[in-house]
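Note that the protein sequences, when read in sequence, are chains A and B.
Residues 202 to 321 (our numbering) are what the first sequence spells out, left to right.
Residues 49 to 287 (our numbering) are what the second sequence spells out, left to right.
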Amino acid sequence: MKTILIVDCNNWLRESYSRELSRRFRVMCETTSQAAIDTIDQVMPSAIILEPFSGVLNSFGLLHELQSHVDLSEIPVIIATSAPQRLRDVAIESYGIVEVLDKTVLAPGRLTRVVEAVVL
Amino acid sequence: MGELAGFSYGDTEHQTFLLAHELASPLILIRQLAAELEADELTASQRAVIARQIRLVSDKSLRLSTSFTTAASAQQTLFPTEALQILPVLDQVTRDIRPLYQAHGHSLSRRRHQAVPQVVANRELLSKILSSFVDSALAYNDSSMNVELFTQYKKSTASVRVGVKGHTHLPVAFKQSIADVAEYRHSLVGAGVFSSNLALMIAGRLALYMGSEIGAVRHRSGMSSLYIDLPLSQQMSLL
């Protein structure tokens with residue numbers, strides 16, 4: 202079973218995404234960039250779902266860290282954010298970002314379908 | 049404390065922008081949880097947990113929006129101060145927000161005090177300020193924590209405090225909220241799901257309506273606390 206890592210500082214939203222994805226995938230969750238890196242050192246996820254705009258998360262630090270390792274740079278990153286417009290000027294491909302999802306209009310089941318398309 | 053003197057805690061337009069941003073996150077969560085309930089793929093216990101989460105996050109958002117409305121529309125004369133028993137206010141705030149803390153695996157309590165002097169304050173404003181402190185403490189902490197409401201006394205002042213035991217970003221957030229106002233900029237870059245500094249800005253403005261100031265401090269014990277200083281009443285308590 203493929204492993205998906207969710208990195209988002211909102212506990213209950215993270216749990217909700219986890220409940221949805223766990224029907225098809227093994228799901229791991231982290232709150233901070235450092236914890237995510239520690240987890241990735243233990244288990245290489247097939248994809249990462251990331252909210253980049255979080256107060257204590259340092260998400261772009263995580264993205265830089267991933268890109269600085271040959272093996273980790275291959276992990277596809279799916280952004281799920283409430284502020285996708287803030288990524289307008291970001292070269293998302295260079296961060297390994299394969300999809301940007303807008304949380305404000307995210308339809309039920311859409312997250313699962315996107316993850317399936319990326320990892321299966 | 050003195051570092052707050054002279055700040056107006058931002059103008060309404062600026063804070064309206066922050067409020068819109070701040071409320072987007074709980075609305076996203078409520079929308080996601082409601083969609084889960086509609087999908088009907090949950091156990092009865094999961095449904096109960098999610099329904100409770102929707103109510104708690106709604107309550108928290110409403111606390112913020114009503115405090116914002118009060119801060120934006122109020123005039124100082126609308127909130128006269130009076131001699132006030134502080135413990136019932138602390139108890140009410142603790143009782144109102146404790147379920148949210150418990151749902152997140154944290155604890156919220158009120159320290160036992162004896163023979164507490166009366167303070168001069170407006171009950172409604174004080175309640176909103178302390179609620180903002182307690183809600184903010186939840187936003188700036190990333191591990192299990194104990195939060196305690198308590199008072200400390202100086203010569204003629206009571207310092208009403210919300211103390212966080214354990215690691216917290218609260219003092220940093222407080223300083224950021226002052227900087228945001230002083231430099232008239234918003235803090236959306238790097239802001240988290242519940243973590244703009246708006247609640248602290250609102251608390252600061254409400255405190256000014258009472259002629260008080262708020263602050264944050266990190267204690268040697270490792271505890272951090274947000275506080276509001278209030279004058280002690282010269283009236284004799286009849287209780």
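For glycine and all other residues, C-beta sits at the position ideal for the given N, C-alpha and C.
Note that the coordinates shown come from a computational prediction; the quantities given were computed from them, not determined experimentally.
- At a C-beta separation below 8 Å, E84 (chain B) has these neighbours in chain A: S217, R220, E221 and P309.
- For G263 (chain B), the enclosing beta strand (DSSP E) covers residues E261 to R266.
- Annotated as distal: E86 (chain B) and R220 (chain A), with beta-carbon spacing of 9 Å or more.
- For D239 (chain A), the uninterrupted alpha helix (DSSP H) segment begins and ends at S234 to Q243.
- Sorting B:A119, B:V168, B:S180 and B:L132 by C-alpha distance to the C-alpha of D144 (chain B) places B:S180 at the top.
- Excluding its 5 nearest sequence neighbours in each direction, D277 (chain B) has C-beta neighbours in its own chain below 7 Å: M49, T205, S207, S260 and E261, listed in chain order.
- Of all residues in the stretch 69-99 of chain B, only A72, S73, I76, L77, Q80, L81, A83, E84 and A87 come within less than 7 Å of chain A when Cβ atoms are compared, listed by chain position.
- T240 (chain A) is outside the set of residues whose beta carbon lies under 9 Å from a beta carbon in chain B.
- Closer than 7 Å at the C-beta level to chain A, one finds these residues of the stretch 151-179 of chain B: H152.
- Chain B has a Cβ within less than 9 Å of the Cβ of T305 (chain A).
- S175 (chain B) is a Cβ neighbour of V137 (chain B), given a cutoff of 9 Å.
- In the three-state reduction of the DSSP assignment, Q282 (chain B) falls in the coil class, being assigned neither a helical nor a strand state.
- Annotated three-state conformation of G252 (chain B) is helix, per DSSP.
- Here DSSP, grouped into helix, strand and coil, assigns G297 (chain A) to coil.
- For a cut-off of 8 Å, the C-beta gap from E300 (chain A) to I279 (chain A) is around 5 Å, short enough to register as a contact.
- With respect to chain B, the C-beta atom of L214 (chain A) has a partner C-beta closer than 9 Å.
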